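*Asks:* Please find one structure pasted underneath; my questions will follow.
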Amino acid sequence: SDKQCEVKFENVKVPKANLLGEAGKGWELVERIGQKATVIECAYLVGLAQKDFEISVQYAKDRIQFGRPIGSFQAIQHKTADMVTDVDGARFIMYKAAWSVAEGTDEADMDVHMAKAWCSEATRRVVAHGQQIHGGIGFTKEYIIQLFFRRQKAGELAWGDGDYHREKVAEALKI
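Quick note: the sequence shown, position 83, residue 235 per this note's numbering, numbers continuous.
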């Protein structure tokens, strides 16, 4: 999965010519960059969920159990229906956040926080259903599904988890 790390700078002097933005206003720049990075992370999660869904549907069509494809069983059909609903919902809210950021709307912060909370959790549900559809083999390195499971968790935590973003939404609602 993705490697995470912390970088610390101590006693570093930056020449004025190399400053990004104005002195003393660095946090504003970090927030703008973070906003864009969060939307990009949402797009990554949506792509991961989409691929997990596609692989799981194909597996459900190909895997024969009790003389028929496992995709013919209602439980698997319901899981795939939930998966596609989560993928499309996450894609929609991610597109809205991306548009809001690109246009600089007043709702951009709220849209980004809602998108990250939703995309993280929708992708978690999609990956969990994909694992269940694949059964025990889904945890082996023989199938890429196991990698999606780990990458989803890294993506969920990157740029703030769902709880962090829900708190930001609640703050914006003044609750």
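In this text, a Cβ means the ideal position worked out from N, Cα and C, and glycines have one as well.
Source: prediction; values computed, not measured.
Just checking, does the stretch 181-201 make contact with the stretch 235-244 on the three C-beta pairs under 8 angstroms criterion?
*Replies:* In short, these stretches touch, since the Cβ pair count reaches three.
*Asks:* What do you reckon, are the CB atoms on residue 239 and residue 202 nearer than 8 angstroms?
*Replies:* Cβ atoms of residue 239 and residue 202: closer than 8 angstroms.
*Asks:* Quick one: give me the first and last residue of the alpha helix (DSSP H) that residue 192 is part of.
*Replies:* First-last of the alpha helix (DSSP H) with residue 192: 178-214.
*Asks:* Mind checking whether the beta-carbon of residue 165 lies closer than 7 angstroms to any heavy atom of the ligand SAM?
*Replies:* By its list of ligands, the structure shown contains no ligand whatsoever, and the ligand SAM lies outside what it can speak to.
*Asks:* Are residue 224 and residue 285 closer than 8 angstroms when you measure CB to CB?
*Replies:* Not closer than 8 angstroms, so no.
*Asks:* Please name the residue in 280, 319, 170, 180 whose C-alpha comes closest to that of residue 303.
*Replies:* For the residues 280, 319, 170, 180, the minimum Cα distance to residue 303 belongs to 280.
*Asks:* Give, in chain order, every unbroken run of the alpha helix (DSSP H) that is at least 4 residues long and sits entirely within the stretch 223-293.
*Replies:* As far as the stretch 223-293 is concerned, its whole alpha helix (DSSP H) runs of at least 4 residues are 226-255, 260-286.
*Asks:* Does the beta-carbon of residue 204 have 16 or more other beta-carbons within 10 angstroms, so that it is buried, or is it exposed?
*Replies:* Buried, by the Cβ-count rule.
*Asks:* Quick check on DSSP: helix, strand or coil for residue 217?
*Replies:* Of the three classes helix, strand and coil, the one that applies to residue 217 here is strand, per DSSP.
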